[in-house]
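S.K.: Structure provided below as structure tokens; questions to follow.
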Amino acid sequence: MERVTAADLEAAVRALRAGELVAFPTETVYGLGADAGNPQAVRRIFALKGRPARHPVIVHLHDIGQLPEWAREVPPAARRLAEQFWPGPLTLVLPRCAAVDDSVTGGQDTVALRVPAHPVAQQLLSAFGGGIAAPSANRYGRLSPTRAEHVREEFGDAVKVVLDGGDCPIGLESTIVAFQNGAARLLRPGRITAADIRALIGDLAIGADLASPRVPGSTAAHYAPATPLSIVPAEQIDAHSAALARGGRRIAVLAWRAPRAAVPSVTWIDAAAHAPQYGHDLYAHLRRLDKSGCERILVQEVPEGEAWAAIRDRLRRAAAGAGSADANTQGEAP
Ligand code: TXA
Ligand code: MG
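Quick note: to get the numbering used here, add 877 to the position in the sequence shown (first position is 1).
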């Protein structure tokens, strides 16, 4: 990681110890980090993001050995998942230790924990020693950053230290699995799929908001561009975008194939037809289209199948939240 020097890491650790915020890369997205043991520092994250205080944040740990400092109880199935997938893009929601502050948990009796795999995150956690509370490093409800420059776009100089680890290799947020009364529930799909989890622990309930995504009002606005965004059935994307672009109206398309015929006022991104690459590029593509000055973003519906589940989830939320100045009032589901 030649972009992050030893001096950068020292500056980051100094900032964390002083109660300041540090943005850092993980394998999923960039995080906006604070010392999880310092409630005042954690509250700064909420202030800067504009995030409601009752929304809990994930505590990032260096290794599985730190679990007992944060979780008072680790069900055997949760331990199996941690042993298999940490370090990696999996967050576990577990009963919290009494010492974990309400600023981290949003006042709940649980805490979300994750051991990230990114070498820069690992180095930072190792040098810091404690837990780092970190949501994605974006303004509340907006697109998650997958490059250091995205973090700068979101916050300018308000975050003193931004560790630049280049492009996040996965590009979509971690899979979240909650354990309550020993039973596992998928709260947010990610690169680690429901099938991956079931293969290891058996039963896994799927979060209610994900099981019923088409019920109006049940899809939380999140991960959203400022431009109105809609999802268009795969076969209709050419006709639909051409119709909307009539009269020279500027339309943006995120598809996973080339256009059948080029339309001058349509900005068309031909994204990867391979789910891991599509997921890696998704937020950067949406950011680019959001800045393109178009009136509307159309997203070609992605294929069926589990490899696309996390992408479908983020696109649904983006469509629900896009273009509404008050996306924030609809609440943030996990
Ligand atoms: O990949 C990721 O998870 C990234 C990187 C930076 O680690 N982080 C991330 O954080 O996506 P954030 O805050 O944007 O999303 C965390 C989600 C939120 O939807 C929050 O509601 C949920 O985790 N969460 C955190 N603590 C929870 C808890 N105790 N119970 C239920 N959900 C929780
Ligand atoms: Mg987020």
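Each residue gets a CB set at the ideal place from its N, CA and C atoms; glycine is no exception.
In this text the structure is predicted, and so the values were computed from the model without any measurement.
Using only the heavy atoms of the ligand MG, determine whether one of them is closer than 6 Å to the beta carbon of PRO1046.
M.R.: Result no, Cβ not under 6 Å from the ligand MG.
S.K.: Start and end of the alpha helix (DSSP H) containing LEU1077?
M.R.: From DSSP, the alpha helix (DSSP H) with LEU1077 extends over 1071 to 1078.
S.K.: Rounded to the nearest angstrom, what separates ALA900 and ALA1120 at their Cα positions?
M.R.: Rounded to the nearest angstrom, the two C-alpha atoms are 42 Å apart.
S.K.: To the nearest angstrom, how far is it from the Cα of ASP1190 to the Cα of GLU1178?
M.R.: About 11 Å.
S.K.: Quick one: does the C-beta of PRO1012 sit closer than 6 Å to a heavy atom of the ligand MG?
M.R.: Checking every heavy atom of the ligand MG against the Cβ of PRO1012, one is found closer than 6 Å.
S.K.: Have a look at GLN1113 and ARG956 and give me their C-alpha separation to the nearest angstrom.
M.R.: So the alpha carbons of these two residues sit roughly 46 Å apart.
S.K.: Roughly how many angstroms separate the alpha carbons of ALA892 and GLY1079, rounded to a whole number?
M.R.: Cα to Cα, ALA892 sits roughly 42 Å from GLY1079.
S.K.: By the 10 Å Cβ neighbour count, where 16 or more other Cβ atoms means buried, how is SER1003 classified, buried or exposed?
M.R.: Per the 10 Å Cβ criterion, exposed.
S.K.: What three-state label does DSSP hand ARG1062 in the structure shown?
M.R.: Note: ARG1062 maps to strand in three-state DSSP.
S.K.: Round the Cβ separation of LEU1077 and GLN961 to the nearest angstrom and send it over; I've been treating them as touching at under 8 Å.
M.R.: Going by Cβ atoms, the distance from LEU1077 to GLN961 rounds to 6 Å, so yes, they are a contact pair.
S.K.: Identify whether THR982 lies in helix, strand or coil by the three-state DSSP scheme.
M.R.: Three-state DSSP puts THR982 in a helix.
S.K.: Distance check for SER1107 and ARG1091, CA to CA, integer angstroms please.
M.R.: With a pLDDT of 33 at ARG1091, under the threshold of 50, the modelled position of that residue is not reliable, and the figure given next carries that caveat. The straight-line gap from Cα to Cα measures roughly 14 Å.
S.K.: Can you tell me whether DSSP reads HIS937 as helix, strand or coil?
M.R.: It is a strand residue.
S.K.: Pick helix, strand or coil for ASP912, following the three-state DSSP scheme.
M.R.: Strand, per DSSP.
S.K.: With which residues is TRP1145 paired in a DSSP beta bridge?
M.R.: TRP1145 is bridged to VAL1130.
S.K.: In whole angstroms, give me the CA-to-CA distance for ILE922 and TRP947.
M.R.: The straight-line gap from Cα to Cα measures roughly 20 Å.
S.K.: DSSP three-state call for ALA1138: helix, strand or coil?
M.R.: ALA1138 falls in the coil class under three-state DSSP.
S.K.: Decide if ASN1015 is buried, meaning its Cβ has at least 16 other Cβ atoms within 10 Å, or exposed.
M.R.: That one is buried.
S.K.: Whole angstroms are fine: how far does the CA of ASN1058 sit from the CA of ALA1082?
M.R.: Roughly 13 Å separates the two Cα atoms.
S.K.: Less than 7 Å between the C-beta atoms of HIS1157 and GLY1048, yes or no?
M.R.: In this structure, GLY1048 lies closer than 7 Å to HIS1157 by Cβ.
S.K.: Just reading off the beta strand (DSSP E) that ALA989 is part of, what are its end residues?
M.R.: 987 to 991 is the span of the beta strand (DSSP E), which, as asked, contains ALA989.
S.K.: Taking only heavy atoms of the ligand TXA into account, decide whether any of them is closer than 6 Å to the Cβ of GLU904.
M.R.: Outside the cutoff, so no.
S.K.: Would you kindly report the start and end of the unbroken alpha helix (DSSP H) that includes VAL997?
M.R.: Where VAL997 is concerned, the enclosing alpha helix (DSSP H) stretches over 996 to 1005.
S.K.: With DSSP as the reference, label ILE1009 as helix, strand or coil.
M.R.: Correct three-state label for ILE1009: strand.
S.K.: Around the C-beta of THR882, are 16 or more other C-beta atoms found within 10 angstroms, so that it is buried, or is it exposed?
M.R.: With fewer than 16 Cβ atoms within 10 Å of its Cβ, THR882 is classed as exposed.
S.K.: I'd like the list of long-range same chain contacts for GLY896, defined as Cβ closer than 8 Å, with 5 residues on each side in sequence excluded.
M.R.: Within the same chain, GLY896 has close Cβ partners ALA911, ASP912, ASN915, GLN917, ALA918, ARG921.
S.K.: Nearest-angstrom Cα distance between GLN1154 and ALA1135?
M.R.: Approximately 16 Å, taken between the alpha carbons.
S.K.: With distances taken from CA atoms, which of GLN943, ARG1062, VAL1028 is nearest ALA954?
M.R.: Checking every option, the nearest Cα to that of ALA954 belongs to ARG1062.
S.K.: In the DSSP assignment, find the unbroken beta strand (DSSP E) run with LEU958 in it and report its ends.
M.R.: LEU958 -> not in any beta strand (DSSP E); alpha helix (DSSP H) instead, spanning 953 to 962.
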